[in-house]
Amino acid sequence: MPTLLLRDAKILVTQDETRRRIPDGGLFVRNGVIEQVGPTSELPETADRILDGRDMVVLPGLVNTHHHLYQTLTRALPATQDATLFAWLQALYPVWGELTDEAIYVSALIGLAELLLSGCTTTTDHLYLFPNDSTLDAEVRAATELGIRFHPTRGSMSLGQSRGGLPPDRVVQDEETILSDCERVIHRYHHPERYAMLRVGLAPCSPFSVTPTLMRRSAELARRHVGVTLHTHVAETLDEEQFCIEKFGCRPIAYMEDLGWVGPDVWYAHVVHANGAEIRRLAETGTGVAHCPTSNMRLGSGIAPVQAMRAQGVRVGLAVDGSASNDSSHLLAEARQALLLQRVLGGAHAISVAETLDLATLGGAAVLGRDDIGALVPGQAADFIALDLNQLGYAGAAVHDPVGALLLCAPASVAWSVINGRIVVEGGQIPGLDMPALIARHNAIARQMAGGN
Ligand SMILES: [Zn+2]
C-alpha cells in the first residue's frame with residue numbers, strides 16, 4: 000500500500016472539531032487515507048513519497064458545491080456582460096445549443112483545471128442541457144483524467160417556451176429521455192461507498208425551465224438509490240420569485256417543499272431571497288445551500304443571508320457557480336468574495352476568516368453529504384492543498400497570520416494538491432496537462448459556438 004508523508008509545514012490547518020492548527024506540522028497517508036496528523040517530530044520519518052512543507056500552509060482541499068463547467072466556453076460574452084439572470088439566459092441559450100460532447104469534455108478540463116489550481120479538491124457540476132451528441136460522460140471522463148473528486152449532477156430542462164418556460168424548445172428534452180439517461184448515469188457512475196471519487200446527483204434546472212412532474216419523478220428516481228442527491232436553483236432572483244408566485248401561487252421554497260424537494264439529500268444553489276420562516280424550514284428539513292457570491296453580484300441578484308442560515312443550522316457551502324456568471328472558477332477567490340459580501344450585508348463582524356474557511360471546507364462537505372472530506376484528521380480521505388507563503392502577494396501578511404493571508408490577500412494558486420492520496424498539482428502545475436494546447440482547443444470551440452470561425 001503506497002504511503003505519503005508531508006512534513007515540516009509552516010502551519011497545518013486541520014479543521015478538526017477544535018480547529019487545531021499545528022506549527023511545523025505534517026501528515027502521513029496510507030492508501031489514500033490519512034493515518035496520522037501532528038507535529039513533524041511525531042510522524043514516521045519515511046514514506047514512499049515525501050513532500051517538503053517548508054514555507055507552506057497546508058489545509059483540507061476546498062469543496063465547490065455548484066458549477067456549470069461548460070460555461071467556461073461563454074465567459075464575458077459582450078451581450079451578457081450587463082444582463083440580469085433572465086436576459087443573460089436568453090442571450091446564452093442559443094449559444095449553448097451548439098454544445099457537443101467534445102465541447103463538454105474540453106470545457107470540463109478547463110474549468111476543473113482552474114478549480115484544482117485554486118485549491119478545490121472536490122467539486123460538483125450541474126450540466127442541464129444536452130444538445131447534439133452531448134453527454135454527462137464527457138465531463139466524468141475529464142474529471143477522472145485530472146483526478147479530482149467529482150459529484151456530477153445529471154441536469155435537465157423540460158419546460159420550453161411553447162409551454163410557458165424560459166428556454167427555447169430546441170434546448171429542452173422530453174421527460175422520458177431525461178429520466179432514462181438519469182437512470183443510466185446512476186448505474187454507470189454512482190458510488191455511495193466511503194472515499195468514493197464519483198457520486199451522481201439529479202438536477203432539474205430551475206422552476207422556470209422544468210415541469211413539476213419532472214421535479215417529482217426525479218426525486219422519486221434519486222430516492223430509489225442510496226446516496227443519490229438532488230440539486231436545483233432556488234430563490235436566486237426576484238424574477239424567479241415573481242414567476243413562481245404567478246405560475247404556482249407560492250414562493251420558490253414553498254414550491255420546492257410542495258414537490259417533496261426538501262431534506263438532507265437536497266441542496267439548492269443560491270437562496271438569495273429567503274425570509275426568516277423559509278430559512279427555518281431549510282434548517283428543519285436539513286436542506287442544504289450552495290452560496291455563490293460572485294455570480295450573485297455579477298448578475299445583480301442580491302446578497303444571500305448566509306450567516307442567518309448558518310445561525311439557524313442550515314448546511315451552507317461555497318460555490319463558484321457557472322463560469323459565465325462569475326466569470327471564473329477560482330474557489331479560493333470565491334471564499335474571499337463570500338467574506339467580503341457578508342460584510343457588505345452585516346458589517347465587519349458579520350463573518351470571520353475562520354468561519355469563511357469552514358464554509359469552504361466542512362460546509363461544502365456537509366452540503367454534498369460527505370463525512371470523509373473537509374478536515375485533516377485520521378480516517379479522512381487524503382485531500383489536501385499547500386500554498387507557498389513566500390510569494391509576493393503574501394509579503395507582510397503571512398508573517399502575522401498565514402491563514403488570514405489566504406483569505407484576505409489577493410487569491411493565489413496552490414503549490415500542491417493531493418486528492419485521495421494522489422498528487423494532482425505539483426509545483427503549481429498539473430502534471431501531464433499541456434495547458435497552452437488545451438486553451439487553444441477550448442478557444443477554437445468557444446469561437447465556433449459564438450458564431451465565429
Ligand atoms: Zn447555476
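Heads up, the sequence shown is in numbering that gives the first Met the number 0, so the first residue is 0 and it goes up one at a time.
Built from N, CA and C at the ideal position, the CB exists for glycine as well.
Remember, it's a predicted structure, so these values are computed and weren't measured experimentally.
Alpha-carbon spacing of residue i relative to residue j, whole angstroms
i	j	result
Val-265	Cys-204	13 angstroms
Val-417	Phe-149	14 angstroms
Glu-256	Leu-281	10 angstroms
Val-139	Val-313	29 angstroms
Tyr-393	Ser-327	22 angstroms
Leu-98	Asp-54	44 angstroms
Asp-357	Leu-406	12 angstroms
Ala-318	Arg-29	30 angstroms
Val-261	Thr-228	11 angstroms
Asp-7	Gly-427	19 angstroms
Arg-223	Ala-414	42 angstroms
Tyr-69	Gly-96	12 angstroms
Leu-13	Val-32	Contrary to the premise, residue 13 reads as Thr rather than Leu in this sequence. Those two C-alpha atoms are separated by around 15 angstroms.
Buried/exposed call for residue i, threshold 16 Cβ in 10 Å
i	result
Val-225	exposed
His-189	buried
Glu-113	buried
Gly-287	buried
Arg-162	exposed
Gln-341	buried
Asp-173	exposed
Thr-17	exposed
Val-343	exposed
His-348	exposed
Gly-154	buried
Ala-365	buried
Pro-166	buried
Asp-221	The sequence as given places Ala at residue 221; Asp does not occur at that position. Classification for Ala-221: buried.
Arg-169	exposed
Residue(s) in a DSSP beta bridge with residue i
i	result
Gly-118	For Gly-118, which the question treats as bridged, DSSP gives no partner whatsoever.
Leu-61	Cys-119
Val-233	His-269
Asp-124	Pro-151
Gln-35	Phe-27
Trp-87	The partner list for Trp-87 (beta bridge, DSSP) is empty, contrary to what the question assumes.
Val-12	Arg-20
Val-56	Ile-10, Leu-386
Asp-51	Arg-6
If you pair each beta-carbon of the segment 395-402 with each one of the segment 116-126, do three or more pairs fall below 8 angstroms? Judged by pairs of C-beta atoms under 8 angstroms, the segment 395-402 does not touch the segment 116-126, as fewer than three such pairs exist.
Taking contact to mean 3 or more Cβ pairs, one atom from each stretch, closer than 8 angstroms, check whether the segment 97-114 and the segment 215-224 are in contact. no
Do the segment 433-441 and the segment 40-47 touch if we need at least three Cβ pairs shorter than 8 angstroms? In the pairwise beta carbon analysis, the segment 433-441 is classified as not touching the segment 40-47: fewer than three pairs are separated by under 8 angstroms.
Looking at C-beta atoms only, is the number of pairs between the segment 233-250 and the segment 83-91 that lie closer than 8 angstroms three or more? yes
Should the segment 357-366 be called in touch with the segment 380-389, which here means at least 3 C-beta pairs below 8 angstroms? no
Check whether the segment 247-255 touches the segment 295-315, taking contact to mean three or more Cβ pairs, one atom from each stretch, closer than 8 angstroms. no
For the structure I just gave you, are there three or more beta carbon pairs, one from the segment 372-382 and one from the segment 19-34, closer than 8 angstroms? yes
On the three-pair Cβ rule with 8 angstroms, is the segment 174-194 touching the segment 346-356? No, the segment 174-194 does not touch the segment 346-356.
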